[in-house]
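Chains as they are written, first to last, in my numbering: chain A, 1 to 528; chain B, 1001 to 1159; chain C, 2001 to 2354; chain D, 3001 to 3369.
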Amino acid sequence: MEKAPLLEMRNIKKDFNGNQVLSDINITLREGEVIGLCGENGAGKSTLMKILFGADVIRETGGYGGDILINNEKVSFQSPFDAIAAGIGMVHQEFSLIPGFKATENILLNRESKKKSILSDLFSDRLDTLDRNEMNRIAQEAIQQMGVNIDKDMVINDMPVGHKQFTEIARELSKKQLKILILDEPTAVLTEKEAEALLDSIRGMSKRGIAVIFITHRLGEILSVCDRVVTMRDGYVVNETPASETSIPEITSWMVGRDVADTGSSYVTEDIGKDKRTILSIKKLWVDMPGETVRNVNLDVREGEILGIGGLAGQGKLGIPKGIMGLCNAGGEINFDGQDIPLNDPRKCLDASFAFVAEDRRNVGLLLDESLEWNVSFPAMQVQDKYLKKYFGGLIKWRDDEAIKKVTAKYIDELKVKCTSTKQKARELSGGNQQKICLAKAFALNPKLLFVSEPTRGIDVGAKALVLDALKKLNKEQGVTIVMVSSELEELRQTCDRIAIVSGGKVSGILPAGEKLEKFGELMLMNC
Amino acid sequence: MDKSKKRRLIYRIAAFVVILLIAAAMFIIGRGHTVYFDNKMPENVGTEVSVPYKIEVIVADKTVAKLKSGERGMADTMGQNFKMQLLVTKEKGGDAARLQVGLKLPYNMDGIIINLPALLAGLDENAYLSEFVYVPSAEEMKEEEVVTDDTDGQMNFEG
Amino acid sequence: MNEQKLTLKDLIKSKAQEFGLPRLIITGFLLLLLVLSPIVGADLPTQISNIINRFSWNGILVLAMVPMIHSGCGLNFGLPLGIISGLLGATLSIEFGFEGPVSFIMAALLATPFALVLGSVYGWLLNKIKGGEMMIATYVGFSSVSMMCMMWLLLPYHSPNMVWGMAGKGLRTTISLEGYYTQALASFLQINIGNLTIPTGALLFFALLAFGMWAFLHTKTGTAMTAVGSNPDFARSAGINVDKIRMISVVMSTWLAAIGILVYEQGFGFVQLYMAPFYMALPAVSAILIGGATVNKASIMNVVIGTILFQGIVTMTPTVMNNMIHLDMSEVIRIIVSNGMILYALTRKTEGTR
Amino acid sequence: MKNKSIGDYLRRFSVPLMFVIICLICAPISGLSPNYLINEIVTRIGRNAFLILSLLIPIMAGMGLNFSMTLGAMAGEIGLILVSDWQIVGIPGMILAMIVSIPISTLLGLFCGKVLNMAKGREMITSYIISFFINGIYQLVVLYLMGPVIPIVHSTIKLPRGYGIRNTVSLLSMRQHLDNLIPLNIMGVKIPVATFIVIFLLCLVIIWFRKTKLGQDMRAVGQDMDVSRDAGIDVERTRIISMILSTVFAGIGMIIYLQNMGNIATYSSHSQIGMFCIAALLVGGASVDKASIGNVFLGIILFHTMFIVAPKAGTVITGDSMIGEYFRVFVSYAVITVALIMYETNKRKNKSKAGMQLALDQEQEEANG
């Protein structure tokens, strides 16, 4: 009989406020096994890993269903610290390192080797002195185990990004009890050479009996290092195959593939707008948006169309509107309707009748502590002098609260915003209604060109439909050109005429919305 | 685990006791007194003693007072064991006699008057030792105004 | 019936919460003082006119806090900078020989360019160090006061009413405004009823400026200022030049402080130089906080209520306490209350610096 | 790379350099003899070093300049007032005052730490206001409670009205007792050997402390609270401990300071001390987030040289003694202001620098590709 698996996840379920994000996940993991976990963003990979790692957010949102067994024993982690104690290590996408510390100090953060000192008996063992030699030894050992050479005495700040990543991995390896290592997109920040070294090191770990869960969008890496590939989509495990028996196109199709039958909607299947003139042309755009860097994007937007921009998270799709609208540092050329638009100046964009609904409602999108009236009317008032009464030949521009109230009420009515009054604070609304207010704010500007980023993120189904319909209506009735950025491909396909896919900060291709899913999948993973 | 906690508690109590002991010791050895020396006829003693012509008081190798008859001198001292050397010149022009005197000072008196003639005459403590009661001068009794602005002192440094 | 009562109770509760516990205590304390004062034998009308008077002196200095709070620059601990502009205006007006109420107008006019220039520099600096405004504002205030201490000695003032008699140069620490603009505003339409004196002119002047501030906040630029304070990223995405708006707010605050100190002087009757500007910032800051403002929200009502409460406590405690227990703890109470209030505002989580 | 680091060094040491220049210009003008100057500076090192060293720990824990070190100073003063009323004199008096001050400092430090934990991100302004707030409490205690509640016997200390402490309390009974415990005189320069030994011991403690687990935790918390918390360090507790330590050391430092001065200005000694020590530390080349023992001593030497020399030089130049007085006050405040501004702009610069680097990389890639 075979030994019991190291880790077994049985029927894992999870919902956030009734929104099912994981259903019936069954995964087993044996000692020394490497499995690749792939899937689009929102497929549920990170939620699953959070459950496994005992993240606080899972408990705060009502826990999960199903069982996790380690060595055939049921476990229930109350915090990441429990998970660590049970031998699970996780390397996050964001670095969790102290910038001014040396690699050694970071590897052994809060697990330093100590020598007793005279005062530790009197106060607490925190007054033990650090045993630097021992620490160096352990760190060196962990680095050697990893198989990638990094300088243990180098301060994190001075390190190249890749070495920071390796420091994190070494930290996990230095934990004696480590049995399972979760790597969440570790190669995203690495150079090709470093990524190769990392893969070697994963193979080494596996030989020593450490099981690895490897999450990445680079499917080639998965095939080269993993024993098995697990593909997730919409909260289900859709496929589980030995890596030797599959190929990149196959995985891609599992990742994006949907049963076309269940959506009754019609797609724009052909490139119908070839004859329309280009209204916005983007040339050589680069945008410095942390986590969403854009490199050398060339893109033409046609008058009156809805252009979708899709792609995986972190590939740069969000950076495009942010850069154009001047909210992130950017360079390149933007031409709108024959007119050059300078970058890095939001006002110029707004003057050219652009409008933008940002993806982070709470930070950029709304004045959370002000009334809905202010939120809706503010940009239009400031940019286009609307809702103002002018006295003394325009010397005094008095806020016209009546007009503001009227327009707010109008949009609240049109977009079916649920609120107590136009004076309610934006903070008090639900996510969906906040999003509607963001739209109203943009509509009030009467834009010629509207950028919308992730319009349906974090809102419920009813609101989703309403928001998308409102966009379509605006496009149809007023002829407003819309550029919509979303990570939900299906939503883009239903709404847009054409979809540009961004991958690795570049546009990897533009397809009509009704094109086969596999094609989109290929484009998405092209430059990752 | 419990054992180390217990040990820590014991250590802490011990440290606390040590600190208390140090504090107590400071109270005893650090008590300051001002000792006044009178070279004059003691009052209310009943007996007559001879008042020397001059007494030189030496405390800790320093001459703190040279007292002719009827004069008073003073010295600050720490602790209750008070040692002094007296150079007593009985008559003018006569030779000085050196005398070692060790006294136990009462703890609760700030100022202590020692009547040297009475001491020299070997009278008992009540006769030569009395408390000096400090009477503040009128100047000191004048009400002083306390300035307590919260930003006071931010600007005038006398460092 | 029962249900209605409950809602009423809830309403009161929520109102009280909105008002804030410390504020409630302070208001209660002031009311207690007012009730006690006739009992312990202090003359109530005198007390009330004292409070009104002090209000008229200090109101504008507190008002000066409003623009910077609105634009998200936090509490203006750099108020001394504006006060210095006012002092420059006052001394120059006297130096140039203006007399009577005219000297007040001239002082205000002369102070304005200084306030604009200093305010601009100050605003430029604060734009460089977003996020650390309050600490740096404090020290900008301190540095400028100590800088001016040297200047008061060095600048070539000659008016015999201002310079040290013996040396013939260097300004005195206090300059009497007798013959200049003492009570220039207060005596305008002054109302006297028994022991009750109301400095109508000064109150009107405050009302005028407060109305101006209120009106400004209702204009396009004023709206932008509030938005910048509420969420600078939002404002930027709406095409607002955040730095410019902040600059405007700082200049406004500095100018109001300059005018504020002139009004204070006309009530007090003296110009205080050297260290005096030092002591003005903290009371103004705590007054507006007592009035219900927070680190990034303030209204004209906060100014009025805060100044009355703060000045009420400052003027009432000494008399009442002295009469009651012959113990003047007012100074200590003032220090604890005013700084405690600032501390309370700084530690409230809800309005963290963004 | 090399060039940049030289520029960085110049930047980092711009404040000390400026002070060296001021001192070099003013010293000859002031006409003070070198012997006098050296004597004064040695005295001031003994007087202030302990206090300034107490600032290092909160800087290590990322809480910035501890403006509320005055809390410790107040605790020290209360200890000294009580001890002088008990008539405990000399070194024993100092030791007893320290023992009395420690629990008070601890309580105040705890309060301060808790409040600062509620005001993360604006520790400095908050600690500054705390010092004012506690000053009010201190006055309440010293001015009203001492006498009726806390027994004070001696009329030399108590106000004639029967409660409260006089404006100045004489410490003649312990004046410079520590300084003169081990007398040493080198070429006319009086060296307070015992005080130096105490300061040296504190330096050793601080160096040792940096090597402890707690010290390591503090450095971690100071650099990144979130990462530290994720690693399981109790961030809040660590910050509170750093405040307590700083306050306790400040209390002891204040006692050493006052034994040298020989009297307590009951209502103002502490409020000036905070700003003083901070200015000196900054002059020594420390910044809001980085300070070393070397900064402390360099700072005292430069700052106090300026302090002694400037008024004299001012008098010589302008003929007015007040100018120099104001000048040194101005310089002290200006130094703190400049240091704070540099700290804040550097913080922003680091952020934008990261962005610029990314943009540059892209452009290069663009050029290559």
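C-beta atoms are modelled at their ideal positions from N, C-alpha and C, and glycine is treated no differently. On a predicted model such as this, the values are computed, not experimentally measured, just so you know.
With residue i as the anchor, note down where its beta strand (DSSP E) starts and where it stops.
i, result
"A1096 of chain B", "1096-1104"
"R277 of chain A", "It is not in any beta strand (DSSP E) - R277 of chain A carries neither H nor E in the DSSP assignment."
"K13 of chain A", "7-16"
"M1078 of chain B", "1072-1078"
"C38 of chain A", "34-38"
"L511 of chain A", "506-512"
In terms of residues, what are the limits of the alpha helix (DSSP H) holding residue i?
i, result
"K50 of chain A", "45-53"
"M2135 of chain C", "2133-2154"
"G3294 of chain D", "3293-3318"
"D413 of chain A", "401-414"
"Y2122 of chain C", "2100-2128"
Let's test the definition: count the other Cβ atoms within 10 Å of the Cβ of residue i and tell me whether it reaches 16, buried, or not, exposed.
i, result
"V260 of chain A", "Confidence is the limiting factor: at V260 of chain A the pLDDT is only 46, short of 50, which leaves the residue's position unreliable, though a coordinate-based value still follows. Label assigned to V260 of chain A: exposed."
"G338 of chain A", "exposed"
"V1049 of chain B", "buried"
"T61 of chain A", "exposed"
"F3200 of chain D", "exposed"
"P3016 of chain D", "buried"
"Y2180 of chain C", "buried"
"R1007 of chain B", "exposed"
"I1028 of chain B", "exposed"
"R3387 of chain D", "Nothing about residue 3387 of chain D can be read from this structure; chain D reaches only from 3001 to 3369."
"N2058 of chain C", "buried"
Give the secondary structure of residue i by DSSP, where H, G and I count as helix, E and B as strand, and everything else as coil.
i, result
"S2237 of chain C", "helix"
"E1139 of chain B", "helix"
"Y1134 of chain B", "coil"
"S124 of chain A", "coil"
"H1033 of chain B", "strand"
"C496 of chain A", "coil"
"N296 of chain A", "strand"
"S23 of chain A", "strand"
"D369 of chain A", "coil"
"Y3326 of chain D", "helix"
"Q963 of chain B", "There is no way to answer for residue 963 of chain B, as the model of chain B reaches only from 1001 to 1159."
"L181 of chain A", "strand"
"F101 of chain A", "coil"
When you check each C-beta in the stretch 2237-2252 of chain C against every C-beta of chain A, which residues fall closer than 8 Å? S2237, A2238, G2239, I2240, N2241
Quick test of the definition: if touching needs 3 or more C-beta pairs under 8 Å, does the stretch 2169-2188 of chain C touch the stretch 2115-2129 of chain C? no
Is the stretch 154-170 of chain A touching the stretch 93-106 of chain A in the sense that three or more CB pairs, one from each, lie closer than 8 Å? yes
For the 8 Å Cβ check, are there 3 or more pairs between the stretch 323-331 of chain A and the stretch 410-422 of chain A? no
The stretch 3327-3350 of chain D: positions lying closer than 7 Å to chain C by Cβ: F3327, V3329, F3330, Y3333, A3334, I3336, T3337, L3340, I3341, E3344, T3345
Tell me which residues of the stretch 2132-2143 of chain C have at least one Cβ-Cβ distance to chain D shorter than 8 Å, keeping chain order. G2132, M2134, M2135, I2136, T2138, Y2139, V2140, F2142, S2143
Given 8 Å as the limit, is there contact between the stretch 3124-3144 of chain D and the stretch 3066-3079 of chain D, that is, 3 or more CB pairs closer than that? yes
Contact between the stretch 2078-2088 of chain C and the stretch 2126-2146 of chain C (3+ Cβ pairs under 8 Å): yes
For the stretch 26-60 of chain A, list every residue whose C-beta sits within 9 Å of some C-beta in chain B, in sequence order. none
Could you list the residues in the stretch 355-387 of chain A with a C-beta less than 8 Å from some C-beta on chain C, going in chain order? F356, A358, N363, V364, G365, L366, L367, L368, D369, E370, W374, F378, P379, M381, Q382, V383, D385
If the cut-off is 8 Å on Cβ atoms, which residues from the stretch 3161-3181 of chain D count as contacting chain B, listed in chain order? R3161, G3164, R3166, N3167, S3173
Three or more C-beta pairs below 8 Å linking the stretch 2091-2098 of chain C and the stretch 2296-2307 of chain C: no
Would you list, in chain order, the members of the stretch 3126-3159 of chain D that have their beta-carbon closer than 7 Å to a beta-carbon of chain B? F3132, N3135, G3136, Q3139, L3143, S3155, L3159
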